[in-house]
Amino acid sequence: MRTILALTILISSSCTFAASNEGIEQDIYSYSLLHDVSTAEANKALFLEANRDSALDAIEKEFKGSIAGIYIESSPTYKIVVRVKGYGQNEKRNIVVGNAISKGDLPIDIQYGAKETREEARSQINKAQQLVKNYFNTIQTVSYNEKNGNIVVEVKGKSNVENLKKVDRVQSLWKNPNLPIEIKFVNWTIKPLADAHGETSVARQIDPTRYGDCTTAFGIKNASDTKYMITAAHCPNNFKSKQDGTHIHL
């Protein structure tokens, strides 16, 4: 009985390890395609991304009240860029991150010269939205771009002569040159979700008698009744709901 139990545990562990490796390899391949980098660079980038939190926390603490934006550059190599308000000496740092098994150098670029902090930018978002709303009634999103320091308003519409005149009018009335307004015309509309719930239980059929389970972090269903899932685990894009067998998109 003990031999059978030990063999069962070994087989189960092997299946879990294989599924985990399959997910990691898929992540590396997807990252490589998305950012047009080698698989070796993708593997390195994903490692740094998974172990960057402590370094980011230290940066947030060091430059508290002065950060204009933090963003990631993925090509040609992975690095974090920190934009800081005011004047200073730009720096290139390499912070050691990782765990007991493996470590790596996380490149961080500190760039001074930004005109405004992200806190100030976020406090101006509602004001910007109200101004743009006077000229466009199809606003979809309003956000702050931490990479270029602009308040970005996405409007459903076309970039025609009439709309470009409205853009000029908005920008002439906006009295904050440190936080430029950028209006982007889009051809889509944000619709409310029909359903949202946590911990969606899904399964993938391995062979006629075995299934691999995966629990998602968050599941949604859109207005067209198409089901999606958002997950922190490595769930391949071929799982089905254990409740009704519906295919769920990753």
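Per mature numbering (1 follows the signal peptide of the UniProt record, and there is no 0), the sequence shown runs over residues -18 to -1, 1 to 232. Virtual Cβ for every residue (Gly too), placed ideally from N, Cα, C.
Sequence-distant residues of its chain with Cβ nearer than 8 Å to residue i (five each side left out)
| i | result |
| --- | --- |
| S48 | V66, K67, G68 and T99 |
| N25 | I10 |
| W170 | Q122 and K138 |
| S20 | S14 |
| A22 | none |
| L44 | As written in the sequence, residue 44 is Glu, which differs from the Leu given in the question. Answer for E44: no residue qualifies. |
Cα-Cα separation between residue i and residue j, rounded to whole angstroms
| i | j | result |
| --- | --- | --- |
| K115 | Q122 | 11 Å |
| T59 | F118 | 40 Å |
| V168 | A110 | 18 Å |
| N127 | E164 | 10 Å |
| I41 | N142 | 43 Å |
| K129 | E55 | 10 Å |
| V64 | A103 | 16 Å |
| D39 | D18 | 29 Å |
| S84 | K148 | 54 Å |
Same chain only: Cβ atoms within 7 Å of residue i, ignoring 5 sequence neighbours per side
| i | result |
| --- | --- |
| N160 | K97 and E98 |
| L113 | V152, L155 and W156 |
| S125 | V134 |
| T120 | V137, K138 and G139 |
| N158 | Q106 |
Cβ-Cβ separation, residue j to residue i (assumed contact under 8 Å), whole Å
| i | j | result |
| --- | --- | --- |
| N76 | Y94 | Not quite, the Cβ-Cβ distance comes to about 19 Å (not below 8 Å), so this is no contact. |
Sub-8 Å separation of residue i and residue j beta-carbons
| i | j | result |
| --- | --- | --- |
| A37 | G131 | no |
Residues near residue i by beta carbon distance below 6 Å, same chain, minus five either side
| i | result |
| --- | --- |
| G70 | Y94 |
| Y53 | V63, E128 and K129 |
Indicate whether the contact test is met: 3 or more Cβ pairs, each with one atom in the region 19 to 38 and one in the region 81 to 95, closer than 8 Å.
yes
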